[in-house]
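Novice: Read top to bottom, the protein sequences are chains S and Z. Residues 35 to 231, numbered by this note's numbering, are exactly what the first sequence covers, in order. Residues 41 to 208, numbered by this note's numbering, are exactly what the second sequence covers, in order. Where a beta carbon is used, it is the ideal one built from N, C-alpha and C, also for glycine.
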Amino acid sequence: MIDNTDAVKLLDSKRNDAVFVATMNANNVNFGLPTITTNEKLDFPVSGAMSKASSVALGLALAQLDRKVLCLDGDGSLLMNLGALVTVSDKAPKNLVHVLFNNKVYAVTGGQPIPGSEKVDWVGMARSAGYASVFSFDNLEDMTNGIDETPAAEGPVFVHLLVKPEIENTPVQFRTPAKRTVHNAINDLSETLGVKR
Amino acid sequence: MATQEVILHPASVVAELKNNNISHVVWLPDNETNFMYQLLTNEPTLDLVPVCREGETMAIAAGLWVGGKRPIVLIQNTGIFEAGDSIRGLGLDVNQPLVMLVGYRGWSRHGLTRDSAARFIEHILHAWGITYYLIETDDAADRISLAIEEAERTSKPVAVLVGTEFGS
């Protein structure tokens, strides 16, 4: 299994000018994208609407066809928005990389197992939904060696990562708040993309 | 007594979308907007984004909006009920100026409706503080422009309830 933080660090180190749309565990302020990012103005943290990071990423990819968009998704989140796999493959944006952090639990609610955690074949599901390219890594060495292939592959790309669960047990109101609001993030991202309001 | 044909043609709606430079229609088909499909797919200035469930629409629209496009959502009132968390989290909370064209299943001007989709929808929109307009005929189609102007002026979602099935 891959350490959650190591996976985010590796993806961030390869991002160039890619937009990152992150959900839940991948977006945790203690060990996820907010503590690691090297270009927070291109980050869109989506935790305000459960499971919808993949849909936001699809919209951004369709709006910014010349820029890579990486969705940092979670297995619990994707289960809540499973149709998005087909919606994405139907529009088939070549610039979208959908990265699934599979930790087999609802990590931000205390670590309860997700339904089907030991049965679901995410790689098979992405292939069957129609993603053009599908990758899977279950250790950091393989991920480090193979991750450079993913941006060059035909999109939409699906990258399955088997990661160690980082369990969050702190009640929501006592957790470390994000230093950026979603409004800051949206304004920064739009401005960086050259979008005029 | 002469009767006047009262009908909403999809061309009137598409013309409103084009006049307002709408770039994407994020939608899930329904009876009320069924006749729109052919016209939308044939309109080169509008990119159709079909979804599997309505909650995806506001999130896809959020991404399009942040990325500089001008999307609109087209779903049925039953989809509004399903999409509550997306409307809250990626519409209201992020100040997305999103216009939602909503098929008003069960709507009737002639007394009570037995369809709970119709009975609840306006109460739900009131609860969220979402302004809405009703269109039933071509004469009222320009309320779509009003809704788009209001959404952009207030930076909030606005609904347009389509209270009739389209004529072909």
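Would you call the CB atoms of S/Leu67 and S/Val90 closer than 9 Å?
Specialist: No. Outside cutoff.
Novice: Would the stretch 147-161 of chain S count as touching the stretch 119-128 of chain Z if we require 3 or more Cβ pairs under 8 Å?
Specialist: No: the two stretches stay apart, fewer than three of their Cβ pairs being nearer than 8 Å.
Novice: What is the DSSP secondary structure of Z/Trp67, reduced to helix, strand or coil?
Specialist: Correct three-state label for Z/Trp67: strand.
Novice: According to the Cβ coordinates, are S/Lys102 and S/Val80 closer than 9 Å?
Specialist: Not in contact: S/Lys102 and S/Val80 (Cβ atoms no closer than 9 Å).
Novice: Report yes or no: do the stretch 158-165 of chain Z and the stretch 110-126 of chain S share at least 3 C-beta pairs separated by less than 8 Å?
Specialist: The stretch 158-165 of chain Z, when compared against the stretch 110-126 of chain S, does not touch it at the 8 Å Cβ threshold.
Novice: Is it the case that the Cβ atoms of Z/Val65 and S/Leu92 are separated by a distance below 9 Å?
Specialist: No.
Novice: State the Cα-Cα distance for the pair Z/Met140 and Z/Lys196, rounded to the nearest angstrom.
Specialist: The alpha-carbon atoms of Z/Met140 and Z/Lys196 are separated by roughly 11 Å.
Novice: Which ranges would you report for the beta strand (DSSP E) in the stretch 137-180 of chain Z if only whole runs of at least 3 residues count?
Specialist: List check, beta strand (DSSP E) in window: 139-143 and 172-175.
Novice: DSSP three-state call for Z/Ile100: helix, strand or coil?
Specialist: Helix at Z/Ile100.
Novice: Taking Cβ-Cβ distances below 8 Å as the criterion, which residues of the stretch 108-135 of chain Z are in contact with chain S?
Specialist: Of all residues in the stretch 108-135 of chain Z, Gly108, Lys109, Pro111, Asp125, Ser126, Arg128, Gly129, Leu130, Asp133, Val134 and Asn135 have a Cβ within less than 8 Å of some Cβ in chain S.
Novice: Pull up the distance between the alpha-carbon of Z/Asp133 and that of S/Met159, whole angstroms please.
Specialist: Going by the C-alpha atoms only, they are around 32 Å apart.
Novice: Per DSSP, what kind of secondary structure is S/Pro147 in: helix, strand or coil?
Specialist: In the structure shown, S/Pro147 sits in a strand (DSSP, three-state: E or B).
Novice: What residues of chain Z sit near S/Met84, judged by a beta carbon separation below 8 Å?
Specialist: Within chain Z, the residues near S/Met84 are Asp125 and Gly129.
Novice: I think Z/Asn59 touches Z/Arg110, with their Cβ atoms under 8 Å apart; what is that distance to the nearest whole Å?
Specialist: Their Cβ separation, rounded to whole angstroms, is 12 Å, which puts Z/Asn59 and Z/Arg110 out of contact at 8 Å.
Novice: Which residues in chain Z have a C-beta closer than 7 Å to the C-beta of S/Leu92? List them in chain order.
Specialist: Here the neighbours are Ile100 and Gly103.
Novice: Pair every Cβ in the stretch 127-144 of chain S with every Cβ in the stretch 185-200 of chain S, then say whether three or more of these pairs are closer than 8 Å.
Specialist: At 8 Å Cβ cutoff, the stretches touch.
Novice: Check distances from the C-beta atoms of the stretch 169-181 of chain Z to those of chain S and list, in chain order, the residues that come in under 8 Å.
Specialist: Listed by position, the residues of the stretch 169-181 of chain Z near chain S (Cβ gap below 8 Å) amount to none.
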